[in-house]
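What follows is a set of notes on a single structure, which appears directly below.
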Amino acid sequence: MNHFLSMKDLSEHELLRLIKESEELKETGIEPINRKLFAANLFFEPSTRTKMSFTIAQRRLGLESLDFNSDTSSVQKGETIYDTARTFEALGASVLVIRQSEEEILQPLADGLSIPVINAGDGKGEHPSQSLLDLLTIYQEYKKFTGLNVAIIGDIKHSRVARSNAYALSTLGANVYLSSKPEWQDSTLRFPYISIDEAVDKCDVVMLLRVQHERHQENDIINKTEYLDSYGLTIDREKRMKEHAIILHPAPVNRGVEIADSLVESGKSRIFKQMENGVYARMAIIKTLLENRGIIDAEIIGERTALVGR
Ligand code: CP
Numbered sequence: 006m007n008h009f010l011s012m013k014d015l016s017e018h019e020l021l022r023l024i025k026e027s028e029e030l031k032e033t034g035i036e037p038i039n040r041k042l043f044a045a046n047l048f049f050e051p052s053t054r055t056k057m058s059f060t061i062a063q064r065r066l067g068l069e070s071l072d073f074n075s076d077t078s079s080v081q082k083g084e085t086i087y088d089t090a091r092t093f094e095a096l097g098a099s100v101l102v103i104r105q106s107e108e109e110i111l112q113p114l115a116d117g118l119s120i121p122v123i124n125a126g127d128g129k130g131e132h133p134s135q136s137l138l139d140l141l142t143i144y145q146e147y148k149k150f151t152g153l154n155v156a157i158i159g160d161i162k163h164s165r166v167a168r169s170n171a172y173a174l175s176t177l178g179a180n181v182y183l184s185s186k187p188e189w190q191d192s193t194l195r196f197p198y199i200s201i202d203e204a205v206d207k208c209d210v211v212m213l214l215r216v217q218h219e220r221h222q223e224n225d226i227i228n229k230t231e232y233l234d235s236y237g238l239t240i241d242r243e244k245r246m247k248e249h250a251i252i253l254h255p256a257p258v259n260r261g262v263e264i265a266d267s268l269v270e271s272g273k274s275r276i277f278k279q280m281e282n283g284v285y286a287r288m289a290i291i292k293t294l295l296e297n298r299g300i301i302d303a304e305i306i307g308e309r310t311a312l313v314g315r
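Residue numbers 6 to 315, in the working numbering, belong to the letters of the sequence shown in order.
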C-alpha cells in the first residue's frame, strides 16, 4: 500500500491490519512523531467530517497540517489539481489528502508524485477512508465480517461511500445487499438488490446513504416524505430490525429523508461513533503510508504510551 485510493486495491489481510491498527490507536494511543513533517489537505469539494478528522488525526500523530482553500488559491487562476499537488510536494509535504469531484484522476496524479496520496472522496468514485471507519465501527460491534448481512441503502448511483464499502465488505466475507429506488441503482456494482423492508428484516448492519441532491439532475427531485416512506428508515422499519442490528450513515444526514429524524441518535444508531472512529481510522491510514514509504519508522514514531490528546 503506497497510496490509499481505492478499497479495491486492498487485500483482506491489508484491510484487517488497518482495522486492527485503528483499534489499537484508539485504545492505546501513540507518541507523536518527533520530527517535523507536513500533511497537506487539498479539498476542492466541501467537507466537515473528513477534513476535520484528517486534521485531528495528523495533529495526534504529530504532523503539521497545511490547510488549503481552493477558493483563495491559484486554482482560481487556472492551476490544475496535479500542479497544485506537485506544488505541495515541492514545498515539503510528506502526504497529501485530496477531495475532488472527478473519478479516475487520482491514480495518474499519484503516479506522478513521490509522496503518498489519500483519496478523501473523488466524485461518485470512492471514499475509502469513510469505508475504513465504517469497517472499524462494524468490527467493534461484531468482531468479524464473514457471514454478516450488510445492506447499503439509498442513493447508490451517486455514492462513493456505497462503492468503497461494497468492495471492502465483500473482500472481508460479508454478504452485501443493495437497496435503492430503481432510478438510483448502479448496474456496475454486482451485488443483489433487495427492498428496504427485506433489508431491515434480515441485516445485521443497515447502512443508509445520504441523498446526494448536489449530484442530481433536475428530474431526480424527490418528495422527501414519500421518499422516506418508500425507501428510507422509518420508525416502523427500525422496530423490525434484529435486536442486535445497528444503523450506520456516513453523514451529513438529511434528517427526515433517508432516515427518520429521531433515529439519528437512537439506541441502534452508531452515526456519531462512526465520526469518532474517523479520527483513528485516518491516523492508521497516514501512519501505515508513512511507514510503508520509509518516511517514518519505529524510532521516530516512538513507543505507544497513554492516549495522546485525550
Ligand atoms: N462523511 C463525509 O464524507 O462527510 P463530509 O462530507 O462532511 O466530509
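Even for Gly, the Cβ is constructed at its ideal location relative to N, Cα and C.
Tell me whether residue i is buried or exposed, calling it buried when 16 or more other Cβ atoms sit within 10 Å of its Cβ.
i, result
"residue 163", "buried"
"residue 104", "buried"
"residue 226", "exposed"
"residue 276", "buried"
"residue 230", "exposed"
"residue 26", "buried"
"residue 279", "buried"
"residue 7", "exposed"
"residue 83", "exposed"
"residue 191", "buried"
"residue 193", "exposed"
"residue 117", "exposed"
"residue 99", "buried"
"residue 195", "exposed"
"residue 148", "exposed"
"residue 219", "exposed"
Could you check where the alpha helix (DSSP H) with residue i kicks off and where it finishes?
i, result
"residue 175", "165-176"
"residue 240", "240-245"
"residue 116", "111-116"
Can you give me the Cβ contacts of residue i inside the same chain, cut-off strictly under 6 Å, excluding the 5 residues immediately before and after it?
i, result
"residue 312", "Only weak support exists for where residue 312 lies, its pLDDT of 38 falling under 50; the coordinates are left without a value."
"residue 212", "157 and 253"
"residue 197", "182"
Looking at the structure shown, is residue i part of a helix, part of a strand, or coil, going by DSSP?
i, result
"residue 194", "coil"
"residue 59", "helix"
"residue 298", "coil"
"residue 184", "strand"
"residue 83", "coil"
"residue 209", "coil"
"residue 145", "helix"
"residue 160", "coil"
"residue 46", "strand"
"residue 73", "coil"
"residue 140", "helix"
"residue 253", "strand"
"residue 259", "coil"
"residue 284", "helix"
"residue 274", "strand"
"residue 93", "helix"
"residue 264", "strand"
Which same chain residues end up closer than 7 Å to residue i when comparing Cβ atoms and leaving out the 5 residues on each side of it in sequence?
i, result
"residue 172", "12 and 13"
"residue 18", "none"
"residue 22", "none"
"residue 54", "256, 280 and 283"
"residue 204", "156, 158, 182, 184 and 211"
"residue 30", "285, 288 and 289"
May I ask which residues mark the beginning and end of the beta strand (DSSP E) holding residue i?
i, result
"residue 24", "That residue, residue 24, is in no beta strand (DSSP E); its alpha helix (DSSP H) goes 17-33."
"residue 235", "Premise fails: residue 235 lies in the alpha helix (DSSP H), 229-236, not in any beta strand (DSSP E)."
"residue 126", "122-127"
"residue 105", "98-105"
When you compare the CB of residue i with every CB in chain B, is at least one pair closer than 9 Å?
i, result
"residue 82", "As a matter of chain content, chain B is missing from the structure shown, which is built from one protein chain."
Quick one: does the C-beta of residue i sit closer than 8 Å to a heavy atom of the ligand PLP?
i, result
"residue 106", "The ligand PLP is absent from the structure shown, which contains only the ligand CP."
For residue i, which residues from the same chain have a beta carbon less than 8 Å from its beta carbon, with the 5 sequence-adjacent residues on both sides left out?
i, result
"residue 214", "157, 158, 159, 160, 161, 164, 166, 167, 254, 255 and 263"
* **the stretch 41-55 / the stretch 81-94 touching (three or more Cβ pairs under 8 Å)** => yes
* To do: Could you tell me whether the stretch 136-150 touches the stretch 280-291, where touching means 3 or more Cβ pairs closer than 8 Å?
  => yes
* Specify whether the stretch 244-252 and the stretch 199-215 touch according to this definition: at least 3 beta carbon pairs, one from each stretch, less than 8 Å apart. => yes
* **Any 3 or more C-beta pairs closer than 8 Å across the stretch 289-296 and the stretch 60-74** => yes
* Asked: Okay, do the stretch 148-156 and the stretch 121-137 touch, 3+ Cβ pairs below 8 Å being the bar?
  -> no
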